[in-house]
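Asker:
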Amino acid sequence: MRPESLSGQYTDLKRRYGNTYGQSWDSAKSIEYRPPQLGGILSHSLRKAEGNSMQTIKLTDGGILLYKEAFIPHDMADRYFAELRDHSAWEQKPGIFGYLQPRLIAAYGEPGLVYRYSGRDNVALPWTPTLLEIKQKIESIEGQYNYCLLNRYSSGQDSMGLHADDEPEVGHIIGSLSLGATRTFRIKHNESKETMNFPVGHGTLIIMAGTMQQFWKHEIPKTKRPVGERINLTYRQIIRE
Numbered sequence: 008m009r010p011e012s013l014s015g016q017y018t019d020l021k022r023r024y025g026n027t028y029g030q031s032w033d034s035a036k037s038i039e040y041r042p043p044q045l046g047g048i049l050s051h052s053l054r055k056a057e058g059n060s061m062q063t064i065k066l067t068d069g070g071i072l073l074y075k076e077a078f079i080p081h082d083m084a085d086r087y088f089a090e091l092r093d094h095s096a097w098e099q100k101p102g103i104f105g106y107l108q109p110r111l112i113a114a115y116g117e118p119g120l121v122y123r124y125s126g127r128d129n130v131a132l133p134w135t136p137t138l139l140e141i142k143q144k145i146e147s148i149e150g151q152y153n154y155c156l157l158n159r160y161s162s163g164q165d166s167m168g169l170h171a172d173d174e175p176e177v178g179h180i181i182g183s184l185s186l187g188a189t190r191t192f193r194i195k196h197n198e199s200k201e202t203m204n205f206p207v208g209h210g211t212l213i214i215m216a217g218t219m220q221q222f223w224k225h226e227i228p229k230t231k232r233p234v235g236e237r238i239n240l241t242y243r244q245i246i247r248e
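Heads up, the sequence shown is in the numbering used here, so the first residue is 8 and it goes up one at a time.
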């Protein structure tokens, strides 16, 4: 059963953006969105989210994706990137089968919170002023968060494999901010294999909501293109035991 606090978020999301199970929104004109594709091009309905400047994409099976390419202004994004790169508690942890994860990670949040994935516990360090500042900006768009997982990609060979953040202790709304080099954020439907690719650059915000984690997976694939360093922040609501 969904905890009451998260259930309230879900009900409010449906009220603001429409029924996620097949009915269309009536608050904005629909246009066809064709993001850059590495594979075939698939179009989805795109709308401006009412009350903010995020683009709202309604996905198959009730997923919702909010997207804004330049959510954080460039100068501010520069400051955030430098602060997080130089002062976060970065570490490289073993992943599946004991291999090191192809990126560095750090975790921050409220005291006592732990996020477990790939068989590893990620214990939250205390919030920093920079992470709290960013959290407030993302919460002004959607969600309430008590935990942030940071991923640092040093080059195009650092990546994040196809996965869903569907652990039972994680709320269904996840805010993801990118800083640094532009990479591809790819989503793929579990059954139909429909695929969409979104450029996530310096200051880009994506919010995943609705039933997206249940029916879709996402990844940051490797690239042979020469790209610089990238930091990604994923804000989540961890359900306390």
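The C-beta atom is built at its ideal place from N, Cα and C for all residues, glycine as well. Please read these numbers as outputs of a predicted model, since none were measured by experiment.
#1: Can you tell me the Cβ-Cβ gap for Y154 and A171, rounded? I've got them flagged as a contact below 8 Å.
#2: Following the continuous alpha helix (DSSP H) through Q164, name the residue where it begins and the one where it ends.
#3: Secondary structure at D173, three-state DSSP: helix, strand or coil?
#4: Does the Cβ of D165 have 16 or more other Cβ atoms within 10 Å, making it buried, or fewer, making it exposed?
#5: Indicate whether M167 and L66 have their beta-carbon atoms separated by less than 8 Å.
#6: Checking 8 Å against the spacing of the C-beta atoms, do I194 and Y242 come in under that value?
#7: If you reduce the DSSP assignment to three classes, tell me which class Y87 lands in.
#8: Give every residue of the same chain whose Cβ lies closer than 6 Å to the Cβ of H225, excluding the five residues on either side of it in the sequence, and list them in chain order.
#9: Where W32 and T63 are concerned, what is the direct C-alpha to C-alpha distance, given to the nearest angstrom?
#10: Provide the residue span of the alpha helix (DSSP H) that contains L138, from first to last.
#11: Apart from the five residues on each side of it in sequence, which residues of its chain come closer than 7 Å, Cβ to Cβ, to F88?
#12: Alpha carbon to alpha carbon, how far is I213 from G70?
#13: Looking at the structure shown, is G70 part of a helix, part of a strand, or coil, going by DSSP?
Answerer: Concretely, from the data shown:
#1: Counting from one through the sequence shown, the residue named residue 154 turns up at place 147. Counting from one through the sequence shown, the residue named residue 171 turns up at place 164. Incorrect: roughly 17 Å between the Cβ atoms, too far for contact.
#2: Numbered from 1 along the sequence shown, position 157 holds the residue referred to as residue 164. Premise fails: Q164 is in no alpha helix (DSSP H) and is neither H nor E.
#3: On the sequence shown, position 166 is the one that residue 173 refers to. Reduced to three states, the DSSP call for D173 is coil.
#4: By 1-based counting over the sequence shown, the position of residue 165 is 158. By the neighbour-count definition (other C-beta atoms within 10 Å, threshold 16), D165 is a buried residue.
#5: By one-based count along the sequence shown, residue 167 stands at place 160. By one-based count along the sequence shown, residue 66 stands at place 59. In terms of Cβ geometry, M167 and L66 do not form a close pair [threshold 8 Å].
#6: Walking along the sequence shown from the start, residue 194 turns up at place 187. Walking along the sequence shown from the start, residue 242 turns up at place 235. Their beta carbons are not under 8 Å apart, which means I194 does not touch Y242 by this criterion.
#7: Here residue 87 refers to the residue found at position 80 of the sequence shown. It is helical.
#8: By 1-based counting over the sequence shown, the position of residue 225 is 218. Only residues of its own chain outside the window of five on either side were considered, and among them I194 have a CB closer than 6 Å to the CB of H225, listed in chain order.
#9: Walking along the sequence shown from the start, residue 32 turns up at place 25. Walking along the sequence shown from the start, residue 63 turns up at place 56. No answer about W32 holds up, because its pLDDT of 28 lies below 50 and its placement is not dependable.
#10: By 1-based counting over the sequence shown, the position of residue 138 is 131. Run containing L138: P136 to E146, per the alpha helix (DSSP H) assignment.
#11: What you label residue 88 is simply residue 81 of the sequence shown in a count that begins at 1. Here the set comprises L186, G187 and I238.
#12: For the purposes of this step, residue 213 is taken as the residue at position 206 of the sequence shown. For the purposes of this step, residue 70 is taken as the residue at position 63 of the sequence shown. When rounded, the distance between both Cα atoms is 13 Å.
#13: Counting from one through the sequence shown, the residue named residue 70 turns up at place 63. Looking at G70 - three-state DSSP - the assignment turns out to be strand.
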